[in-house]
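Protein chains in written order, with this note's numbering: chain F, 121 to 302; chain A, 2 to 184. Using N, Cα and C, we set each Cβ at its ideal position, and we do this for glycine too.
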Amino acid sequence: MVLFVCFEQLSPIFLYNSVSWSTLAMNTTVVAQLQRQFQDYIVSLYQQGFLDSQFSELRKLQDEGSPDFVSEVVSLFFDDCSKLINTMSRSLEQPDNVDFKQLDSGVHQLKGSSSSVGARRVKNVCISFKECCDVQNREGCLRCLQQVDYEYKMLKTKLQDLFNLEQQILQAGGTIPQVDIN
Amino acid sequence: MAEVLRPEMLDISNDTSSLASPELLHVLAVDDSMVDRKFIERLLRVSSCKVTVVDSATRALQYLGLDGENSSVGFEDLKINLIMTDYSMPGMTGYELLKKIKESSAFREIPVVIMSSENILPRIDRCLEEGAEDFLLKPVKLADVKRLRDSLMKAEERAFKNIMHKRELEANDIYSQLKRAKI
Chain F
121 MVLFVCFEQL SPIFLYNSVS WSTLAMNTTV VAQLQRQFQD YIVSLYQQGF
171 LDSQFSELRK LQDEGSPDFV SEVVSLFFDD CSKLINTMSR SLEQPDNVDF
221 KQLDSGVHQL KGSSSSVGAR RVKNVCISFK ECCDVQNREG CLRCLQQVDY
271 EYKMLKTKLQ DLFNLEQQIL QAGGTIPQVD IN
Chain A
2 MAEVLRPEML DISNDTSSLA SPELLHVLAV DDSMVDRKFI ERLLRVSSCK
52 VTVVDSATRA LQYLGLDGEN SSVGFEDLKI NLIMTDYSMP GMTGYELLKK
102 IKESSAFREI PVVIMSSENI LPRIDRCLEE GAEDFLLKPV KLADVKRLRD
152 SLMKAEERAF KNIMHKRELE ANDIYSQLKR AKI
């Protein structure tokens, strides 16, 4: 029977409410659909290179006691991105007065934090960015800066969609699937 | 009439309070990156550790009472079992912090682990030579912390067993002497 197959996916709350069978069945389907959507979406983010295995490490640290851990860390990361990009943009403003040392420091920080959260594309741009800094290539740096700005904003949107899906699953009484990427 | 002093009756001063209970390793984590601080704090909490996080080597020294402003008196109750520090930090680096800790009589026994995003062999060698317990490549993983914790627990267990064994030998030695002296 469908109900027993999906038993684990429903939070206990449904057992104690007097809910009609059809509503229960419908909720089960909704939860299952949302979970499938979530699973497909997160897998696609890994496959398209937005995220790497470090993101899985972050997810391992989230539980009922700390249900917002991932979104909190990621939020800190995006704040970091915004701040660092502003600073680096200023460093690059004057063509004959670029502080490559400060730039390098900013790139290093960005690379570090992107690596810590599993933001793979952002991290990869930082690698190219560092190379441009090393040879004092201002044009190259400007391109990288633009790209890093694009990538972090893209990731921000993608992860927002992912977190929204999580919320929908929880509100429908389901649990968030464990997706192992390694 | 003299009592026969048995080893169990001798007051073996119990210093085992210096060993933290297995569940609560108190870790001092040092990192200038807010993202990394949040991450390492959670990583350590999930691994059943008590965590204190600071954002610079200077603040770490302040916390330990090694900044010269305060004496180490009053910090005897501070039971830190492990220090984990980032290598590249503005101001004082993790390497310099390591050296300061190893220079201090109060804290030199505390294991210090260096974390770095850069896999530079001479850097790793330098840190290990200076007495670092381990060198972790960032990003740090749950498995890294688990491995660290397990090896520290084993080392503490070994140290504990050695202490107890040594005391047992000492007690037996005293007992034999007393027995010979026919007290």
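Subject >> Straight-line gap, R179 of chain F to I175 of chain A (C-alpha atoms, nearest Å) >> reply: Taking the first residue of the first sequence as 1, we reach residue 179 of chain F at position 59. Taking the first residue of the second sequence as 1, we reach residue 175 of chain A at position 174. Using only the alpha carbons, I get a separation of about 57 Å.
Original post:
When Cβ atoms are compared, which residues of the region 36–64 of chain A fall closer than 8 Å to chain F?
Top reply: V36, D37, K39, F40, R43, L44 and V47
Subject >> Residue from F:S202, F:S191 and F:A239 with nearest C-alpha to L265 of chain F >> reply: Here the question's residue 265 of chain F lines up with position 145 in the first sequence. The candidate whose alpha carbon is nearest that of L265 of chain F is F:S202.
**OP:** Report the rounded CA-to-CA distance for T283 of chain F versus S186 of chain F, giving the unit in angstroms.
**Re:** One-based indexing of the first sequence puts residue 283 of chain F at position 163. One-based indexing of the first sequence puts residue 186 of chain F at position 66. It should be noted that the sequence gives Phe, not Thr, for residue 283 of chain F. The straight-line gap from Cα to Cα measures roughly 14 Å.
Subject >> Burial state of V146 of chain A, where buried means 16 or more other Cβ atoms lie within 10 Å >> reply: Within the second sequence, residue 146 of chain A is the residue found at index 145, counting from 1. Buried, by the Cβ-count rule.
Original post:
Is the shortest distance between the beta-carbon of F249 of chain F and the beta-carbons of chain A less than 9 Å?
Top reply: To locate residue 249 of chain F, count along the first sequence from 1; it is residue 129. Answer no: the Cβ-Cβ gap between F249 of chain F and chain A never drops below 9 Å.
**OP:** State the start and end residues of the unbroken alpha helix (DSSP H) segment that holds K139 of chain A.
**Re:** Residue mapping note: residue 139 of chain A aligns to position 138 of the second sequence, counting from 1. Careful: K139 of chain A lies outside any alpha helix (DSSP H) and carries neither H nor E.
Original post:
chain F partners of K139 of chain A, CB-CB under 9 Å?
Top reply: Taking the second sequence and counting its residues from 1, one reaches residue 139 of chain A at position 138. In chain order: G232, S235 and S236.
Original post:
Start and end of the beta strand (DSSP E) containing K51 of chain A?
Top reply: Position 50 of the second sequence holds residue 51 of chain A. Unbroken beta strand (DSSP E) run through K51 of chain A: C50 to V55.
Original post:
Under 9 Å, do A61 of chain A and L98 of chain A count as touching if we go by C-beta distance?
Top reply: One-based indexing of the second sequence puts residue 61 of chain A at position 60. One-based indexing of the second sequence puts residue 98 of chain A at position 97. Closer than 9 Å, so yes.
Subject >> Separation of R38 of chain A from S118 of chain A, as counted between CA atoms >> reply: What you label residue 118 of chain A is simply residue 117 of the second sequence in a count that begins at 1. What you label residue 38 of chain A is simply residue 37 of the second sequence in a count that begins at 1. Roughly 14 Å separates the two Cα atoms.
**OP:** Run the CB neighbour count on D32 of chain A, radius 10 Å, all protein chains shown included, and call it buried at 16 or more, exposed below.
**Re:** Stepping through the second sequence from its first residue, residue 32 of chain A is reached at position 31. Buried: at least 16 other Cβ atoms inside 10 Å.
Subject >> Identified DSSP bridge partners for T86 of chain A >> reply: Working through the second sequence from its first residue, we reach residue 86 of chain A at position 85. T86 of chain A is bridged to A:V31 and A:I115.
Original post:
In the structure shown, what three-state DSSP assignment does A160 of chain A receive?
Top reply: Start at 1 with the first residue of the second sequence, and residue 160 of chain A comes out as number 159. Three-state DSSP puts A160 of chain A in a helix.
Original post:
What residues match up with Y26 of chain A in a beta bridge as DSSP calls it?
Top reply: Position 25 of the second sequence, counted from the first residue, corresponds to residue 26 of chain A. The residue asked about is misnamed: residue 26 of chain A is Leu in this sequence, not Tyr. Answer is A:C50.
**OP:** To the nearest angstrom, report how far apart K101 of chain A and Y270 of chain F are at their CA atoms.
**Re:** As a first step, residue 101 of chain A must be located in the second sequence, where it is residue number 100. As a first step, residue 270 of chain F must be located in the first sequence, where it is residue number 150. Cα to Cα, K101 of chain A sits roughly 43 Å from Y270 of chain F.
Subject >> One or two residues paired with G92 of chain A in a DSSP bridge >> reply: Taking the first residue of the second sequence as position 1, residue 92 of chain A is located at position 91. Beta-bridge pairing links G92 of chain A to no other residue.
**OP:** For K142 of chain A, return the contacting residues in chain F, with the cut-off set at a CB-CB distance below 7 Å.
**Re:** Mapped onto the second sequence, residue 142 of chain A falls at position 141. Per Cβ cutoff of 7 Å: E177.
Original post:
Where does S233 of chain F sit, in a helix, a strand or coil, going by DSSP?
Top reply: Translated into the one-based positions of the first sequence, residue 233 of chain F becomes position 113. Residue state, collapsed to three classes: helix.
Original post:
Closer than 7 Å, Cβ to any Cβ of chain A: which residues of the region 196–220 of chain F, in chain order?
Top reply: L196, F197 and D200
Original post:
Less than 9 Å separating the beta-carbons of Y88 of chain A and R124 of chain A?
Top reply: Working through the second sequence from its first residue, we reach residue 88 of chain A at position 87. Working through the second sequence from its first residue, we reach residue 124 of chain A at position 123. Yes, the pair counts as a contact, with Cβ atoms nearer than the cut-off.
Subject >> Rounded straight-line distance, which links the Cα of T295 of chain F to that of V125 of chain F >> reply: Locating residue 125 of chain F in the first sequence gives position 5, where the first residue counts as 1. Locating residue 295 of chain F in the first sequence gives position 175, where the first residue counts as 1. The pLDDT assigned to V125 of chain F is 45, lower than 50, so where the model puts this residue is not dependable; a value taken from the coordinates is nonetheless given after this. Going by the C-alpha atoms only, they are around 14 Å apart.
Original post:
Looking only at its own chain, which residues have a Cβ that is under 7 Å from the Cβ of V122 of chain F, when we skip the five neighbours before and after it?
Top reply: Mapped onto the first sequence, residue 122 of chain F falls at position 2. Model confidence at V122 of chain F stands at a pLDDT of 44, short of 50, so the residue's coordinates are unreliable; what they give is reported in the following sentence. Cβ neighbours of V122 of chain F beyond the five flanking positions: A145 and T148.
**OP:** Mind checking the region 266–291 of chain F against chain A and listing, in chain order, the residues whose C-beta falls within less than 9 Å of any C-beta there?
**Re:** none
**OP:** Could you work out which residue in A:K155, A:P91, A:F108 and A:A30 is closest to R46 of chain A when comparing CA atoms only?
**Re:** Start at 1 with the first residue of the second sequence, and residue 46 of chain A comes out as number 45. Of A:K155, A:P91, A:F108 and A:A30, the residue nearest in Cα terms is A:A30.
**OP:** Just tell me which of F:R258, F:A152, F:K278 and F:V227 has its CA closest to the CA of Q214 of chain F.
**Re:** For the purposes of this step, residue 214 of chain F is taken as the residue at position 94 of the first sequence. The candidate whose alpha carbon is nearest that of Q214 of chain F is F:R258.
**OP:** Step through the CB atoms of chain A and report whether any lies within less than 9 Å of the CB of F189 of chain F.
**Re:** Here the question's residue 189 of chain F lines up with position 69 in the first sequence. Taking Cβ atoms only, chain A reaches closer than 9 Å to F189 of chain F, which makes this a yes.
Original post:
In terms of residue numbering, what span does the alpha helix (DSSP H) encompassing P123 of chain A cover?
Top reply: Mapped onto the second sequence, residue 123 of chain A falls at position 122. Unbroken alpha helix (DSSP H) run through P123 of chain A: L122 to E130.
Subject >> Chain-ordered chain F contacts of S105 of chain A [CB-CB under 8 Å] >> reply: Within the second sequence, residue 105 of chain A is the residue found at index 104, counting from 1. Within 8 Å Cβ-Cβ: nothing; S105 of chain A doesn't reach chain F, min ~28 Å.
**OP:** Look up A239 of chain F in the DSSP assignment and give the residues it is bridged to.
**Re:** Residue 239 of chain F sits at position 119 when you count from the first residue of the first sequence. Per DSSP, F:L171.
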